[in-house]
Amino acid sequence: MTNPIADPGHGHSPAAWTAVIIMLFGFTLATVAFCLAEFAGFWVPLIYVGAVIVPIGALVGWLLARAGYGVKGPKYSPKGH
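Counting from 35, one number per residue, gives the positions in the sequence shown under our numbering.
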């Protein structure tokens, strides 16, 4: 049995999920481009595009949390199990 007062949560919020998905896309793009750049040089710019997407994901997550979609935000209501 959990104590809802002492339970800090795990960060499951729309802001966190959006940030993680965007950052995973950036890491995946940069990794695939890095591996394929060995065979063809035109993949190199996509490494930098992926590297730029990662901090954009963090910024989007922060902005969504500030807009109320973070944990304990006014626009987010967690679903019960």
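Note that beta-carbon positions come from the ideal geometry of N, C-alpha and C, so glycine has one too.
Fill in: A67 versus I81 - alpha carbon distance
If I take the Cα positions, the gap works out to 6 Å.
Worksheet item: Three-state secondary structure (DSSP) at A49?
Response: Secondary structure at A49: helix, using DSSP grouped into helix, strand and coil.
Practice prompt. Give a yes or no on whether the C-beta atoms belonging to A53 and G95 are separated by under 8 Å.
Written response: In this structure, A53 sits near G95, with a CB-CB distance shorter than 8 Å.
Worksheet item: Between C69 and P108, what straight-line distance do the alpha-carbon atoms span, to the nearest angstrom?
Response: Roughly 43 Å separates the two Cα atoms.
Discussion item. With the cut-off set at 8 Å, would you say G3 and G91 are in Cβ contact?
Written reply: Residue numbering for the chain in the displayed model covers 35 to 115; residue 3 lies beyond these limits and cannot be assessed.
Worksheet item: Is it buried or exposed for G84, if we count other Cβ within 10 angstroms and need 16 for buried?
Response: Buried, because 16 or more other Cβ atoms sit within 10 Å of the Cβ of G84.
Worksheet item: What residues in its chain sit with their C-beta under 7 Å from that of Y103, if we drop five residues either side in the sequence?
Response: Closer than 7 Å at Cβ, skipping near neighbours: S47, P48, A49, K109, Y110.
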